[in-house]
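Numbering (our numbering), first residue to last: 29 to 82. Structure first, then comments.
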């Protein structure tokens with residue numbers, strides 16, 4: 029797909045130019061919060077299943 033690291037760097041530079049550093053940070057923190065919430069809900073759901081089985 030990519031023939032070398034220069035293509036990846038070029039794509040990352042274009043993304044940075046299009047969205048800007050602040051927007052990328054915001055997207056990253058939103059993604060992290062979403063993943064954290066997903067993991068928490070999966071953990072809580074697993075605990076509920078264990079309580080129902082007992």
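Using N, Cα and C, we set each Cβ at its ideal position, and we do this for glycine too.
Residue 40 and residue 70 have their C-alpha atoms some 32 Å from each other. A distance below 7 Å between beta-carbons, with the five flanking residues on each side excluded, links residue 64 to no residue of its chain. In the same chain as residue 43, and ignoring 5 residues on each side of it, the C-beta atoms closer than 8 Å to its own belong to 52, in chain order.
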